[in-house]
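**Student:** Residue 271 in the numbering used here is what sits at position 54 of the sequence shown, and the numbering runs on without skipping anything.
Don't be surprised by glycine CBs; every beta carbon is placed ideally from N, CA and C.
Since the model is a prediction, treat every value here as computed from it, not as a measurement.
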Amino acid sequence: MSMFSGIIQEVARVDLIHHLGDSMEIGVFARKLIDVVPGSSFSVDGICLTLVKRQYELLFFDVTEETMAWTTIKDYTVGTMVNLERSVRLGDEIGGHFVSGHVCGIGTIIAIEKSYMFFKAPANLVPYILEKGFIAIDGISLTIARVKGDIFSVSLIPETRARTSLGYKQVGAHVNMEPDMMTKMQVDTIMRFHAEKEISK
Numbered sequence: 218m219s220m221f222s223g224i225i226q227e228v229a230r231v232d233l234i235h236h237l238g239d240s241m242e243i244g245v246f247a248r249k250l251i252d253v254v255p256g257s258s259f260s261v262d263g264i265c266l267t268l269v270k271r272q273y274e275l276l277f278f279d280v281t282e283e284t285m286a287w288t289t290i291k292d293y294t295v296g297t298m299v300n301l302e303r304s305v306r307l308g309d310e311i312g313g314h315f316v317s318g319h320v321c322g323i324g325t326i327i328a329i330e331k332s333y334m335f336f337k338a339p340a341n342l343v344p345y346i347l348e349k350g351f352i353a354i355d356g357i358s359l360t361i362a363r364v365k366g367d368i369f370s371v372s373l374i375p376e377t378r379a380r381t382s383l384g385y386k387q388v389g390a391h392v393n394m395e396p397d398m399m400t401k402m403q404v405d406t407i408m409r410f411h412a413e414k415e416i417s418k
């Protein structure tokens with residue numbers, strides 16, 4: 218199982234999109250992360266994908282129908298800027314938090330301020346959106362600042378804007394979301410406990 222840290226290593230450009238029936242192939246032009254071989258695991262905007270082949274700086278990934286249904290990758294066009302991170306290897310520093318690369322829902326940017334970005338979360342993720350908790354947005358490890366219903370904000374330093382695709386995003390853009398796996402496990406356990414308690418009454 219591949220894991221990621223949520224620390225983006227390169228912002229790259231989608232240079233090729235090839236639809237193959239219900240699936241697709243994308244080619245991403247990367248300048249830094251080219252010392253890789255087929256079979257390497259990547260987080261592409263928070264989506265765990267396997268490198269199929271490399272032609273110089275162009276990295277090719279196959280995308281399944283399931284992945285297209287659950288993520289923003291179906292909306293990619295040539296020129297889309299994406300976040301790249303190689304999977305964590307033994308001995309690597311974890312600068313963010315553990316990210317699985319299994320996107321759980323698609324959110325929307327609803328406001329952008331100088332130091333904050335505001336998002337609307339899909340209903341299935343709301344229980345896991347907690348103040349001061351972690352969330353991966355397009356593969357970026359971020360700390361949740363404030364929460365009100367299905368709306369939440371994250372604080373963004375200039376470095377994060379400059380080194381990730383969030384610097385290219387506008388209000389209304391869709392983003393991939395993956396809640397912190399530890400938070401999700403704890404919340405699911407509590408919810409299951411209460412559900413079983415109600416059944417046993």
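(1) Does the distance from the CB of N300 to the CB of D262 come in under 7 Å?
(2) Assuming the contact rule is C-beta atoms closer than 8 Å, V231 and V295 should be a hit. Round their C-beta distance to whole Å, please.
(3) Going by Cα to Cα distance, which pick from T406, M334, I352 is closest to G389?
(4) If we call anything under 7 Å between Cβ atoms a contact, is G324 one with G223?
(5) CA-CA distance, D348 and Q272?
(6) What are the boundary residues of the alpha helix (DSSP H) that includes A286?
(7) Quick check: the segment 389-400 against the segment 346-364, are at least 3 beta-carbon pairs closer than 8 Å?
(8) Closest to I264 by CA distance: which of P375, A362, G356, S332 is it?
(9) Could you give the distance in angstroms between the alpha-carbon of L233 and the alpha-carbon of I327?
(10) Could you tell me whether the Cβ atoms of M241 and V280 are closer together than 7 Å?
(11) Based on Cα-Cα distance, which residue from K291, E274, H236, S304 lies nearest to G256?
(12) Return the chain-ordered ranges of every beta strand (DSSP E) run that is complete within the segment 361-411 and spans a minimum of 3 residues.
(13) Identify the residues that DSSP records as bridge partners of S258: which are they?
(14) Using three-state DSSP, classify L359 as helix, strand or coil.
(15) Measure the C-alpha to C-alpha separation of G366 and G244 and round it to an integer number of angstroms.
(16) Please list the terminal residues of the continuous beta strand (DSSP E) segment that includes F315.
(17) When the Cα of S332 is compared with those of M298, A340, Q403, I374, which residue comes out closest?
**Tutor:** Reading it off the structure:
(1) yes
(2) 6 Å
(3) M334
(4) no
(5) A quick correction: the sequence has Glu, not Asp, at residue 348. Distance between the alpha carbons of E348 and Q272 is about 43 Å.
(6) 282-287
(7) yes
(8) G356
(9) 29 Å
(10) yes
(11) S304
(12) 368-372, 391-396
(13) T267
(14) strand
(15) 38 Å
(16) Here F315 belongs to no beta strand (DSSP E), and DSSP marks it neither H nor E.
(17) I374
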